[in-house]
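Worksheet for the structure shown next.
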Ligand SMILES: NC(=O)c1ccc[n+]([C@@H]2O[C@H](COP(=O)([O-])OP(=O)(O)OC[C@H]3O[C@@H](n4cnc5c(N)ncnc54)[C@H](O)[C@@H]3O)[C@@H](O)[C@H]2O)c1
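In this note's numbering, the protein residues as written are 212 to 667.
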C-alpha cells in the first residue's frame with residue numbers, strides 16, 4: 212500500500228465512481244468506495260463488476276488491496292479527507308437535473324474542518340454555491356467543496372481516466388483544491404508537475420467552481436450540437452445526392468473543425484448527452500435566457516431516431532406484420548448502458564407501427580430486456596436476422612462490421628438493410644443483393660468503389 216498517496220473516499224460506485232476509484236487506486240491511493248446499493252457493494256466485494264467496461268475488471272483485480280467497498284460512509288470519513296461524489300443526477304420530468312442523491316450525500320456529511328466534497332457528478336451551474344450555503348446552514352461551515360467534473364467516455368473509461376485531455380478543478384483556492392490537483396499530478400503535463408512531454412498528459416484547468424461546472428455542461432452540449440449538425444447535413448445530403456461520409460471527411464480535415472463527432476447516424480443517446488443538454492437548456496431558461504440552439508439540437512436528435520421508420524416504410528410499404536431485426540441495443544458500442552439508447556425509441560415506434568421486433572446485442576441484452584417489452588431477444592446476429600423482412604444497424608459493434616453480408620442476405624426473408632451508423636460496406640451489401648440504405652448517403656453501386664481522394 213502506498214504511504215505517499217492521499218487516501219480518498221468515492222461515494223457512488225457506478226460508471227464514474229468505480230472508474231475513478233480504480234484509477235486513483237492504480238495511481239497508489241487507498242480508496243474507500245461507498246454505495247447505498249448493498250447488493251452492488253456485496254458483488255464488488257466478491258470481485259464481480261456490475262457494469263461492462265473494457266479493462267475495468269482487470270484493474271479492480273490488480274488493485275484489490277487498495278480498494279474497500281462499503282455501504283457505511285463513516286468508513287470513508289474516517290480514512291479520507293477528500294470524498295469524491297459520483298452519484299447519479301438523472302433528469303426530472305421538467306428536464307432539470309434531479310439532485311436528490313447529491314443532497315442526500317451533503318446531508319450525510321458531519322460538521323468537520325478536515326473534509327471536502329469533490330463533485331464528479333454532473334450538476335447545474337450554481338450547485339456548488341448552493342451546497343456551500345447548505346453546509347453553513349447545516350452548521351458545517353468548515354466543510355470544503357471542489358468541483359472536478361468528469362469527462363470519461365463509457366467504452367474507453369479506464370483509458371480516459373488515465374489519459375485525460377484535461378483535468379478541471381474548480382475551487383476556492385484552499386487546501387482541498389490543492390489536494391485534488393496533487394492527486395491528479397501524475398496525469399498532468401510537465402507544466403503542472405506531471406511526467407513530461409513523453410506521454411500525452413492532461414492540461415490542468417484550475418478555475419472557480421461555477422466555471423468548472425459550466426465547462427462540463429458546455430462540453431457535452433457542444434458535442435451534441437456537432438452530432439445534430441452533421442445529422443442535419445446528412446438529411447440535406449439525402450435530398451441533394453451528396454454523401455455525408457465524404458462531406459464529414461472533407462470537413463474534419465480542417466483542424467478548426469476536427470473529424471470527431473461528425474458521424475451521421477440515428478441520433479445520440481446515453482446517460483449524459485440527452486440529460487446534460489436538456490439540463491443546460493433548463494438552467495438557461497430558469498435564469499431567464501432562452502437557449503434557442505439547444506432546443507434545435509434536442510429536436511433534431513428526436514426526429515433523427517424516427518427517420519429510420521420512414522426509410523423502412525419507403526422500402527416495405529406498411530410495417531404491419533413485418534419482422535424487423537435490430538442489430539445492437541446499447542447507446543454505443545463497448546458498453547452495456549441502455550440509458551436513452553436510440554434502440555428504445557426505435558423498437559417502440561416499430562411496434563406501434565405494427566412490426567414485430569427482434570434484436571441482438573453482444574453485451575447489453577440482460578440490461579435491455581426489462582426495457583424492451585414485446586421485443587424478442589436473439590442469441591446471435593444471424594438468429595436475429597433469420598426470417599427478418601428488414602434489418603437496422605443501431606449500434607456499431609465490431610461484430611456487426613465483421614458480418615458476411617452474403618450470409619446476412621441468405622438468412623433474411625426480405626432484403627432491406629438500414630445502416631443507422633454508416634458502419635457497413637454499402638457496396639458489399641448491394642453486391643450481396645441487399646437494398647442497403649445508410650444515413651445521408653446515395654444508394655451504393657454493387658461493385659466496390661475505390662475511395663475517392665477529396666482535395667481540401
Ligand atoms: N456515465 C458516464 O459516462 C458519465 C461521464 C461523465 C459524468 N457522468 C456523471 O457522473 C454522475 C454519475 O454517473 P454514473 O453513470 O456513474 O451513474 P450510475 O447510475 O452508474 O452510478 C451512480 C451510483 O451512485 C449510487 N448512489 C446513489 N445515491 C447514493 C448515495 N446517497 N450514497 C452513495 N451512493 C449512492 C447508486 O447506487 C449508483 O451505484 C452523473 O452525474 C453523470 O452525469 C457520467
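Here a beta-carbon is modelled for each residue, glycine too, at the ideal position from N, C-alpha and C. Bear in mind that the values here come from a model prediction, so they are computed numbers and not experimental data.
**Prompt:** According to DSSP, is residue 244 helix, strand or coil?
**Reply:** Shown here, residue 244 sits in a strand according to DSSP, grouped into three states.
**Item:** Cut-off 8 Å between Cβ atoms - residues of its own chain near residue 237, not counting five sequence neighbours on either side
**Value:** 270, 273, 274 and 373
**Prompt:** When you compare only the Cα positions, how much space is there between residue 233 and residue 630?
**Reply:** Residue 233 and residue 630 have their C-alpha atoms some 37 Å from each other.
**Item:** Coarse secondary structure for residue 216, derived from DSSP in three states
**Value:** In the three-state scheme derived from DSSP, where H, G and I count as helix and E and B as strand, residue 216 is classed as coil.
**Request:** Please confirm whether any heavy atom of ligand 1 lies closer than 7 Å to the CB of residue 328.
**Result:** no
**Message:** Using a Cβ-Cβ cutoff of less than 6 Å, which residues in the same chain neighbour residue 417 once the five nearest sequence positions on both sides are dropped?
**Reply:** 380
**Request:** Decide if residue 304 is buried, meaning its Cβ has at least 16 other Cβ atoms within 10 Å, or exposed.
**Result:** exposed
**Message:** Here's a check: name, in chain order, each residue in its chain whose Cβ is nearer than 8 Å to the Cβ of residue 376, leaving out the five neighbours to either side.
**Reply:** Excluding sequence neighbours, residue 376 sits near 362, 413 and 414.
**Asked** Quick one: what does DSSP say residue 397 is sitting in, helix, strand or coil?
**Response** For residue 397, the three-state secondary structure derived from DSSP is helix.
**Request:** Could you tell me which of 239, 247, 241 and 242 sits nearest to residue 223, measuring between CA atoms?
**Result:** 247
**Message:** To the nearest angstrom, how far is the alpha carbon of residue 551 from that of residue 254?
**Reply:** 26 Å
**Request:** Please say whether residue 427 and residue 673 have beta carbons closer to each other than 8 Å?
**Result:** As shown, the chain starts at 212 and ends at 667. That puts residue 673 outside it, with no answer to give.
**Request:** Express the C-alpha separation of residue 533 and residue 460 in angstroms, rounding to a whole number.
**Result:** 36 Å
**Request:** Return helix, strand or coil for residue 647, following the three-state DSSP convention.
**Result:** strand
**Asked** Under the three-state reduction of DSSP, which class applies to residue 290: helix, strand or coil?
**Response** helix
**Prompt:** Can the beta-carbon of residue 547 be found less than 8 Å from the beta-carbon of residue 263?
**Reply:** At a Cβ-Cβ threshold of 8 Å, residue 547 and residue 263 count as neighbours.
**Request:** Drop a sphere of 10 angstroms on the beta-carbon of residue 231, count the other beta-carbons inside from all chains shown, and report buried for 16 or more, exposed for fewer.
**Result:** The residue is buried, with at least 16 neighbouring Cβ atoms inside 10 Å.
**Prompt:** Between residue 336 and ligand 1, is the CB less than 7 Å from at least one heavy atom?
**Reply:** no
**Asked** Can you give the Cα-Cα distance for residue 627 and residue 558, rounded to whole angstroms?
**Response** 17 Å
**Request:** Starting from residue 226, follow the beta strand (DSSP E) in both directions and report where the run begins and ends.
**Result:** No beta strand (DSSP E) holds residue 226; the alpha helix (DSSP H) holding it covers 226 to 237.
**Request:** Measure how close the beta-carbons of residue 282 and residue 317 come, nearest whole angstrom, since I'm counting them as under 8 Å.
**Result:** So it is not a contact: roughly 18 Å between Cβ atoms.
**Prompt:** Going by beta carbon distance, what residues of the same chain come within less than 7 Å of residue 653, once the five residues before and after it are set aside?
**Reply:** If the five residues before and after residue 653 are omitted, its C-beta is found closer than 7 Å to the C-beta atoms of 452 and 454, all from its own chain and listed in chain order.
**Contact between the stretch 535 to 542 and the stretch 554 to 573 (3+ Cβ pairs under 8 Å)** = yes
**Item:** Selected residue, minimal CA-CA separation from residue 636, among 392, 622, 611 and 235
**Value:** Closest option to residue 636, Cα to Cα, is 611.
**Request:** With a 10 Å radius around its C-beta and 16 neighbouring C-beta atoms as the bar for buried, classify residue 482 as buried or exposed.
**Result:** buried
**Request:** To the nearest angstrom, report how far apart residue 525 and residue 457 are at their CA atoms.
**Result:** 24 Å
**Asked** By DSSP, does residue 379 sit in helix, in strand, or in coil?
**Response** Strand.
**Message:** By alpha-carbon positions, which one of 360, 513 and 215 ends up nearest to residue 435?
**Reply:** 513
**Asked** Anyone know if the C-beta pair for residue 601 and residue 588 falls short of 8 Å?
**Response** no
**Asked** Looking at C-alpha atoms only, which residue of 336, 366 and 322 is the closest neighbour of residue 349?
**Response** 322
**Asked** In whole angstroms, what separates the C-alpha of residue 329 from that of residue 267?
**Response** 22 Å
**Item:** Contact check, residue 687 vs residue 476, beta carbons under 8 Å
**Value:** Given that the chain is displayed from residue 212 to residue 667, the structure contains no residue 687 and the question cannot be resolved.
**Prompt:** Leaving out the 5 sequence neighbours to the left and right, which residues in its chain are closer than 8 Å to residue 506 when beta-carbon positions are compared?
**Reply:** 492
**Asked** Measuring CB to CB, does residue 243 end up less than 8 Å from residue 331?
**Response** no
**Through-space distance from residue 544 to residue 619, alpha-carbon basis** = 20 Å
**Prompt:** Counting pairs of Cβ atoms below 8 Å between the stretch 580 to 598 and the stretch 508 to 523, do you hit three or more?
**Reply:** Short answer: they don't touch.
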